[in-house]
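Below: one structure, written as structure tokens.
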Amino acid sequence: MQKILISEADFDIKAEYAALKKTGVGAVVMFAGIVRDTAKDPQLVAMTLEHYPGMTEQEIDNIIKQAEARWPLQGVRVIHRVGRLLPEENIVFVGTASAHRAPAFESAAFIMDYLKTNAPFWKKEESKTGSVWVDARQVDETALKKWQ
Amino acid sequence: MQKILISEADFDIKAEYAALKKTGVGAVVMFAGIVRDTAKDPQLVAMTLEHYPGMTEQEIDNIIKQAEARWPLQGVRVIHRVGRLLPEENIVFVGTASAHRAPAFESAAFIMDYLKTNAPFWKKEESKTGSVWVDARQVDETALKKWQ
Amino acid sequence: MKILYFAWMREHTGCSTEEIRLPENVANISELARYLRGRSAGHEAALRNLKTVRVAINRKYANLESPITDSDEIAFFPPVTGG
Amino acid sequence: MKILYFAWMREHTGCSTEEIRLPENVANISELARYLRGRSAGHEAALRNLKTVRVAINRKYANLESPITDSDEIAFFPPVTGG
Numbered sequence: 012m013q014k015i016l017i018s019e020a021d022f023d024i025k026a027e028y029a030a031l032k033k034t035g036v037g038a039v040v041m042f043a044g045i046v047r048d049t050a051k052d053p054q055l056v057a058m059t060l061e062h063y064p065g066m067t068e069q070e071i072d073n074i075i076k077q078a079e080a081r082w083p084l085q086g087v088r089v090i091h092r093v094g095r096l097l098p099e100e101n102i103v104f105v106g107t108a109s110a111h112r113a114p115a116f117e118s119a120a121f122i123m124d125y126l127k128t129n130a131p132f133w134k135k136e137e138s139k140t141g142s143v144w145v146d147a148r149q150v151d152e153t154a155l156k157k158w159q
Numbered sequence: 012m013q014k015i016l017i018s019e020a021d022f023d024i025k026a027e028y029a030a031l032k033k034t035g036v037g038a039v040v041m042f043a044g045i046v047r048d049t050a051k052d053p054q055l056v057a058m059t060l061e062h063y064p065g066m067t068e069q070e071i072d073n074i075i076k077q078a079e080a081r082w083p084l085q086g087v088r089v090i091h092r093v094g095r096l097l098p099e100e101n102i103v104f105v106g107t108a109s110a111h112r113a114p115a116f117e118s119a120a121f122i123m124d125y126l127k128t129n130a131p132f133w134k135k136e137e138s139k140t141g142s143v144w145v146d147a148r149q150v151d152e153t154a155l156k157k158w159q
Numbered sequence: 075m076k077i078l079y080f081a082w083m084r085e086h087t088g089c090s091t092e093e094i095r096l097p098e099n100v101a102n103i104s105e106l107a108r109y110l111r112g113r114s115a116g117h118e119a120a121l122r123n124l125k126t127v128r129v130a131i132n133r134k135y136a137n138l139e140s141p142i143t144d145s146d147e148i149a150f151f152p153p154v155t156g157g
Numbered sequence: 075m076k077i078l079y080f081a082w083m084r085e086h087t088g089c090s091t092e093e094i095r096l097p098e099n100v101a102n103i104s105e106l107a108r109y110l111r112g113r114s115a116g117h118e119a120a121l122r123n124l125k126t127v128r129v130a131i132n133r134k135y136a137n138l139e140s141p142i143t144d145s146d147e148i149a150f151f152p153p154v155t156g157g
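Protein chains in written order, with the working numbering: chain A, 12 to 159; chain B, 12 to 159; chain C, 75 to 157; chain D, 75 to 157.
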């Protein structure tokens, strides 16, 4: 069971969990990435997410196939939002279901690490003083090393 | 923000996610352990969970404190159900919130690994042919080594 | 002192809790277990092999050599299997 | 062929998509980028430093030496920052 969705709309955590749980396995891991709040960053106004339609879905599908080749997974769901997102709004959801917790944890972390460096999304950060495209972080490239 | 709950009642994934999200950080990881379904194990009737009231909460608190000493966490929530649980019912929830995904993933996996070997819960598996106390698994002891 | 048993150990002893008075010559967990084995065939079965048994004193993990007093709460249980 | 630009590269070139006819002497990505730089000051700014640029041919990652044909869809974009 696999789902890839690029969407302006928010995801429903309850529906995603229900779908992963329906695979009948013992372990579900879910990751959610969220726009940080203005208590942490008072200057932040919004994040705008742009993507390369077609290539994005293909890259995510490719990442999921790699995860499925490494771990016995019963379900994988990836949702990534695009468009203008306000502080505290959801950005990304990754959920995995497996018979045991180790493959569920590892595959979800693996998918996020590859999504961060391979899926063609770009973030523009809008602050009270102007807008700037977010720079890629070296730490995300480094994160891939543990899977290689 | 920290929550420990031992309960016969089910947890609400939406409410747990909302509470973790309210910490205002960028990354939330949630783990759910579920009784496997009868498609995977046609003999399974139920699981009965017993615990040591008082010591359980203390051990989980101890595990959370260790996690908080290792990773910068904004929120940790642990819910463990007790009593008789049917196939596909939720058993355990662990949720962590951090500024970045790596600490959120690692701390959730850490808490589950220690909960599995340290928190005083016992599972009795009821099948169509009888009831048996589940044996501790060597693989759970081994899982701790990566944190030591 | 209060003694607690969990899971299959409780089923063997037939009780989840019992109150006993700590005998004079019992100073640690392993001596206590030996003493408790004399209480019934169920106790004997539950506490026969301490290698597979976990023990807590006042809700903290302890071991066979840990010293005990008459005001302690002692729990015997199998390796845990939650999660 | 179809050329796509994303994020700050799109803002520099001023267009997200453009259709061009592949010139005779352009056989790979790096030659294409050099050709496109001549189209405007914005193109020049976007494609000046290819070290920090990612490229895809028909929605698959490629590199500066990858060969191209007139029916390809080529995308230029900065390192990705989703998730």
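Glycine is no exception: its CB is placed at the ideal position from the N, C-alpha and C atoms. Keep in mind it's a predicted model, so treat the numbers as computed, not measured.
Quick one: what's got a C-beta closer than 6 Å to residue i's C-beta in the same chain, skipping five residues either side?
{"i": "G106(A)", "result": "E27, L31, M41, R88"}
{"i": "R6(A)", "result": "For residue 6(A) there is no data in the structure shown, the boundaries of chain A being 12 and 159."}
{"i": "R111(C)", "result": "H117, E118, L121"}
{"i": "T87(C)", "result": "Y79, G116, H117, A120"}
{"i": "E92(C)", "result": "I77"}
Tell me which residues share the same chain as residue i and place their Cβ nearer than 8 Å to its Cβ, disregarding the 5 neighbours each side in the sequence.
{"i": "G35(A)", "result": "Q85"}
{"i": "P153(D)", "result": "T126, R128"}
{"i": "L124(D)", "result": "S104, A107, L138"}
{"i": "F190(C)", "result": "Within the shown structure, residues of chain C are numbered from 75 to 157, placing residue 190(C) beyond reach of any answer."}
{"i": "Q77(B)", "result": "F121, Y125"}
{"i": "T140(B)", "result": "Q54"}
{"i": "N99(C)", "result": "E105"}
Any heavy atom of the ligand MN closer than 6 Å to the CB of residue i?
{"i": "L96(B)", "result": "This structure does not include the ligand MN; it has no bound ligands of any sort."}
Taking 7 Å as the threshold (C-beta atoms), are residue j and residue i in contact?
{"i": "I24(B)", "j": "K25(A)", "result": "yes"}
{"i": "R146(C)", "j": "I131(C)", "result": "Note that residue 146(C) is Asp in the sequence shown, not Arg. Yes. Within cutoff."}
{"i": "V46(A)", "j": "P131(A)", "result": "no"}
{"i": "E19(B)", "j": "G65(B)", "result": "no"}
{"i": "L16(B)", "j": "M58(B)", "result": "no"}
{"i": "E68(B)", "j": "N129(B)", "result": "no"}
{"i": "D146(A)", "j": "K127(A)", "result": "no"}
{"i": "F22(B)", "j": "I75(B)", "result": "no"}
{"i": "F104(A)", "j": "A43(A)", "result": "yes"}
In chain order, what residues of the same chain have a beta carbon less than 7 Å from the beta carbon of residue i, not counting five sequence neighbours either side?
{"i": "P97(C)", "result": "Y109"}
{"i": "W144(A)", "result": "W133, K135"}
{"i": "W82(B)", "result": "S109, P114, E117, S118"}
{"i": "Y63(A)", "result": "P131"}
{"i": "D72(A)", "result": "I15"}
{"i": "W82(D)", "result": "P152"}
Any C-beta of chain E sitting closer than 7 Å to the C-beta of residue i?
{"i": "V39(A)", "result": "Note that chain E does not occur in the displayed structure, where the protein chains are A, B, C and D."}
Mind reading off the beta-carbon distance from residue i to residue j? Whole number of angstroms is fine, and I expect it under 8 Å.
{"i": "I102(B)", "j": "L60(B)", "result": "7 Å"}
{"i": "N102(D)", "j": "I77(D)", "result": "Wrong, their Cβ atoms sit about 14 Å apart, outside the cutoff."}
**Request:** List in chain order: all unbroken alpha helix (DSSP H) runs of 4+ residues lying wholly within the stretch 97-130 of chain C.
**Result:** Look at the stretch 97-130 of chain C and you find these whole runs of alpha helix (DSSP H), each 4 residues long or longer: 103-111, 115-121.
**Message:** Under 8 Å, CB to CB, which of the residues in the stretch 116-140 of chain B have a partner in chain C?
**Reply:** For the stretch 116-140 of chain B, the set of positions with a beta-carbon nearer than 8 Å to some beta-carbon of chain C reads M123, L126, K127, T128, N129, A130, P131, F132, W133, K134, K135 in chain order.
**Item:** Segments assigned alpha helix (DSSP H), at least 4 residues, entirely inside the stretch 38-119 of chain A
**Value:** Within the stretch 38-119 of chain A, the complete alpha helix (DSSP H) runs of at least 4 residues are 66-81.
**Uninterrupted beta strand (DSSP E) stretches inside the stretch 112-159 of chain A (no shorter than 3 residues)** = Fully enclosed beta strand (DSSP E) runs of 3 or longer: 132-138, 141-144.
**Item:** Residues from the stretch 121-152 of chain C in contact with chain B, defined by Cβ distance under 7 Å
**Value:** Interface annotation for the stretch 121-152 of chain C against chain B: A130, R133, A149, F151, P152, criterion Cβ-Cβ distance under 7 Å.
**Contact residues within the stretch 40-51 of chain A, judged by C-beta distance below 9 Å to chain B** = Answer in chain order: V40, M41, F42, A43, G44, I45, V46, R47, D48, T49, A50, K51.
**Asked** When you check each C-beta in the stretch 101-114 of chain B against every C-beta of chain C, which residues fall closer than 8 Å?
**Response** Within the stretch 101-114 of chain B, contact with chain C at the beta-carbon level (separation under 8 Å) is assigned to I102, V103.
**Item:** Residues of the stretch 53-67 of chain A whose Cβ lies closer than 9 Å to any Cβ of chain D, in chain order
**Value:** Contact residues of the stretch 53-67 of chain A toward chain D are L60, E61, H62, Y63, G65, M66, T67 (C-beta to C-beta distance below 9 Å).
**Positions along the stretch 15-41 of chain B whose CB lies within less than 7 Å of some CB in chain A** = Residues I24, K25, Y28, K32, G35, V36, G37, A38, V39, V40, M41.
**Message:** Along the stretch 89-101 of chain B, where does the CB come closer than 9 Å to a CB of chain A? Name the residues.
**Reply:** Within the stretch 89-101 of chain B, the qualifying residues are P98, E99, N101.
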